[in-house]
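Right, one structure below, let's go through it.
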Amino acid sequence: MTVKNIKVAGVFISFLSFALALLFYDAFPCFLTSIFFPVSQSLFESLKVIISGTLISLLIQYFILEKNTINVKNLSLSIFTTVFIDICLSIIFYLPITLEFGINLIFTLAFLIIISIFNQFISYYFIFIKNFGWLNYLALIGIIIIYIILGLLTYYPFLNDIFFDKNAHKFGINTYLI
Numbered sequence: 138m139t140v141k142n143i144k145v146a147g148v149f150i151s152f153l154s155f156a157l158a159l160l161f162y163d164a165f166p167c168f169l170t171s172i173f174f175p176v177s178q179s180l181f182e183s184l185k186v187i188i189s190g191t192l193i194s195l196l197i198q199y200f201i202l203e204k205n206t207i208n209v210k211n212l213s214l215s216i217f218t219t220v221f222i223d224i225c226l227s228i229i230f231y232l233p234i235t236l237e238f239g240i241n242l243i244f245t246l247a248f249l250i251i252i253s254i255f256n257q258f259i260s261y262y263f264i265f266i267k268n269f270g271w272l273n274y275l276a277l278i279g280i281i282i283i284y285i286i287l288g289l290l291t292y293y294p295f296l297n298d299i300f301f302d303k304n305a306h307k308f309g310i311n312t313y314l315i
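Residues in the sequence shown are numbered from 138 upward in steps of one, following this note's numbering.
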C-alpha cells in the first residue's frame, strides 16, 4: 500500500474518527474522556470533535504507515500543525457562520469533509520533509497545552453562545440548568 493510497483512505478514516469522537463520551463518560471528547452540543464542543478526530485519524494512519514499513517523520509536529490549522479554520469559517445561521447538518458535514481532505495534505507534507528533532518535542508540548485548555474550558466555560448547549440549556459539563 502506497502513502498516497493511505492518505486517500485517510480522508475516510478521518471522517469516521470525527463520528467516533462525537460518540465516545456518551459511551464512556468519565473525567478523562470529557477532556478529549465533546460532552455537549455547544459550538466549543464541536472543536473538540475536530481536534480529537484529527488526532485519532493521524494516529491510525501512523500505525498503518509503520506496518507498511514507511518511515514517518515529525508525527507530533504533523498532529500539532493540523490541529492548530483546524482550530484556526474553525474559528474563521465554522463558528461565525454557525453563530449567525445556527447549526446546519449539511454545512457541518461539508466542513468536516473539507477539513479531512486538508488534514491529509498537511500530514502528507510532514511525512517526507526532514526530521525537525526538537520541534517535535515542542509540538508534543503544544498538543498537551491544547488539551489542558480544552479540559479547563469544558469544566469552566465562559458564559457566551460558543459554550452554550441549546439542547441541554447549560454551559459546560458541571453546571446547573438555566
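Just so you know, even glycine gets a beta-carbon here, dropped at the ideal spot from N, CA and C. Computed from a predicted structure; not experimentally measured.
Can you list, in chain order, the residues of its chain whose CB lies under 6 Å from that of residue i, leaving out five sequence neighbours each side?
i, result
"L277", "S213"
"L314", "Caution applies to L314, whose pLDDT of 43 falls short of 50 and renders its modelled position unreliable; the model cannot decide the point."
"G288", "I172"
Identify the continuous alpha helix (DSSP H) that holds residue i and give its terminal residues.
i, result
"L159", "140-164"
"A247", "242-265"
"I229", "First-last for I229: undefined, no H or E at that position."
"K185", "180-204"
"S171", "168-173"
"I283", "271-292"
Got a sec? Which residues, its chain only, sit under 8 Å from residue i by beta carbon, not counting five neighbours each side?
i, result
"V148", "I250, S253, I254, Q257"
"N273", "N211, L212, S213, L214"
Please state if the CB of residue j and the CB of residue i are separated by a distance shorter than 7 Å.
i, j, result
"S189", "F200", "no"
"L184", "S151", "no"
"T291", "S171", "yes"
"N211", "F269", "yes"
"F217", "I280", "yes"
"T191", "V145", "no"
"I302", "S177", "In the sequence as displayed, the identity of residue 302 is Asp instead of Ile. Cβ atoms of D302 and S177: closer than 7 Å."
"M138", "N205", "yes"
Contact defined as beta carbons within less than 8 Å: I believe residue i pairs with residue j. What is the distance between those atoms, to the nearest angstrom?
i, j, result
"F300", "F168", "Not a contact, Cβ separation roughly 18 Å."
"L157", "I187", "That belief does not hold up - the Cβ atoms of L157 and I187 are roughly 13 Å apart, past 8 Å."
"S215", "L195", "6 Å"
"G259", "I222", "The question names Gly, but residue 259 is Ile in the sequence shown. Confirmed, about 6 Å."
"Y231", "F248", "5 Å"
Between residue i and the ligand SAH, is the CB less than 6 Å from at least one heavy atom?
i, result
"T245", "Here there are no bound small molecules, and the ligand SAH is not part of this structure."
Within the same chain, show all residues whose beta-carbon is closer than 7 Å to that of residue i, passing over the 5 residues directly before and after it, in chain order.
i, result
"I143", "Q198, I201, L202"
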